[in-house]
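Each residue of the sequence shown is one higher than the one before, counting from 1 in the UniProt record's numbering.
Beta carbons are placed, not taken as given, at the ideal position from N, Cα and C, and that holds for glycine.
Since the structure comes first, as structure tokens, the remarks are kept for the end.
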Amino acid sequence: MSIVKREPVGVCGQIVPWNFPLLMGAWKLGPALATGNTIVFKPAELTPLSALRVGELVTEAGFPDGVLNIVPGYGATAGAAIAKHMDIDKIAFTGSTLVGREIMRMAAESNIKKVSLELGGKGAFILCEDADLDAAVSATVMGIYFNAGQTCAACSRIYVHEDVYDSYVQKLKVAADGYRPGNKEGKLMELSPVISQKQYDRVLNYIEIGKKEGATLVTGGARMDEKGYYITPAIFADVKEDMQICKEEIFGPVVCIMKFKEMDEVVARANDSIYGLAAGIWTRDIDKAMRYTTFLEAGTVWVNTWLGLDIAMPFGGYKQSGIGRENGQEALDLYTESKTVYYALNGPFVKN
1 MSIVKREPVG VCGQIVPWNF PLLMGAWKLG PALATGNTIV FKPAELTPLS
51 ALRVGELVTE AGFPDGVLNI VPGYGATAGA AIAKHMDIDK IAFTGSTLVG
101 REIMRMAAES NIKKVSLELG GKGAFILCED ADLDAAVSAT VMGIYFNAGQ
151 TCAACSRIYV HEDVYDSYVQ KLKVAADGYR PGNKEGKLME LSPVISQKQY
201 DRVLNYIEIG KKEGATLVTG GARMDEKGYY ITPAIFADVK EDMQICKEEI
251 FGPVVCIMKF KEMDEVVARA NDSIYGLAAG IWTRDIDKAM RYTTFLEAGT
301 VWVNTWLGLD IAMPFGGYKQ SGIGRENGQE ALDLYTESKT VYYALNGPFV
351 KN
């Protein structure tokens, strides 16, 4: 007889980003604790307070000492120490692809610890000629401008069928121009600032790069006269795939729009990226949707929506967008070891 047991990995290092510090923490802490592990948890240096509050709450709840250990600090020191530590059995990291590569290297050079990574993205949104343009515009605005575009699953590349391209760009411009701080439609429609001066300068630099590369800045991309690092929602049209703004993750309120004619062609263009985190199709044709979701190289594909997530469904990326999946059963599997045990049924077992 043989059985398979799932056992805790052991000590898990977890490193989360600044864009959704509490949410990303919950995504990692939940499955690790539920499967019986202990944790060394490092929040981003820009957003440590929510993690420190979680540490206070678990202490108040009666967690034994040492189960959850919060270690604020910089990536180059605290993060590297976690990745290299010989007594940490697994590391889970959410952040940039560049840093994820370094995490893998340090994990391999230490004790070959298990690694799961949720990394960058450059989401491709395909808008077909039969799409509901008004609904698609609403989804696009949320998909790229929510959290000031500081979302790894943002729909930052939009491919629009040539028959509806001009109409869509105009409608999106109107919507983007209305996406401002203090918007009366509610918090989800309210423009946020970017996280820091460094990120502010980075996004504004990409906007200048886009203009120099020859893309058409339809609207936005300007500094705002607000208290905070606000940038007006930017739309670049007439973008080419070889442009830097199309290839690289900007992590700001900037969207690139391109025309297409045929579905096979545009799916190939959408897949021509080092990233594979998220993609989407907007169409009234269910057969087309079901066919082409199969060919899109992304861990999550949305049809006639964007950014809707279910905690029971796995989330993660293809290619350089990561390894492993957050949420659902697959997240639980990341924090357990599989052990196979064989019993000889004719063995000399003694009953106690």
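When the options are compared against residue i, the one with the closest alpha-carbon
i	options	result
residue 147	159, 194 and 3	194
residue 313	201, 294, 299 and 323	299
residue 142	112, 41 and 252	252
residue 316	161, 227, 124 and 118	118
residue 64	55, 71 and 157	55
residue 88	59, 166 and 108	108
residue 257	239, 76, 36 and 62	239
residue 217	260, 235, 136 and 98	235
residue 144	66, 305, 342 and 348	305
residue 122	330, 271, 138 and 15	271
residue 182	228, 167 and 281	228
residue 116	110, 125, 124 and 103	103
residue 48	21, 233 and 226	21
residue 262	149, 36, 30 and 292	292
residue 174	328, 140 and 38	140
residue 197	31, 4, 32 and 46	46
residue 90	37, 58, 224 and 321	37
residue 124	330, 255 and 334	255
residue 97	249, 207, 243 and 67	249
residue 247	206, 226, 135 and 346	206
residue 273	241, 294, 264 and 303	241
residue 33	42, 226 and 67	67
residue 160	101, 311, 224 and 265	265
residue 31	326, 346 and 285	326
residue 277	344, 225 and 322	322
residue 311	230, 59 and 330	330
residue 135	303, 345 and 328	303
residue 75	58, 42 and 59	42
residue 285	129, 86 and 101	129
Short Cβ contact (8 angstroms threshold) for residue i with residue j
i	j	result
residue 13	residue 82	yes
residue 296	residue 267	yes
residue 336	residue 2	no
residue 44	residue 8	no
residue 120	residue 155	no
residue 158	residue 191	no
residue 301	residue 280	yes
residue 171	residue 137	yes
residue 71	residue 99	no
residue 169	residue 237	yes
residue 105	residue 338	no
residue 95	residue 15	yes
residue 61	residue 283	no
residue 275	residue 319	yes
residue 359	residue 179	The structure shown does not extend to residue 359, since the chain is modelled only from 1 to 352, so the question has no answer here.
residue 84	residue 50	no
residue 210	residue 245	yes
residue 69	residue 150	no
Beta-carbon separation (whole angstroms), residue i vs residue j, contact threshold 8 angstroms
i	j	result
residue 164	residue 133	6 angstroms
residue 92	residue 28	5 angstroms
residue 166	residue 219	Their Cβ separation, rounded to whole angstroms, is 15 angstroms, which puts residue 166 and residue 219 out of contact at 8 angstroms.
residue 307	residue 35	Between residue 35 and residue 307 the Cβ distance is about 28 angstroms, and since that is not below 8 angstroms, they are no contact.
residue 259	residue 162	5 angstroms
Per DSSP, cross-strand counterpart(s) of residue i
i	result
residue 234	254
residue 259	160
residue 320	The partner list for residue 320 (beta bridge, DSSP) is empty, contrary to what the question assumes.
residue 340	4
residue 69	40
residue 127	160 and 282
residue 91	13 and 115
residue 315	326
residue 223	231
residue 216	237
residue 302	280
residue 275	319
- Just checking, does the region 19 to 34 make contact with the region 48 to 62 on the three C-beta pairs under 8 angstroms criterion? yes
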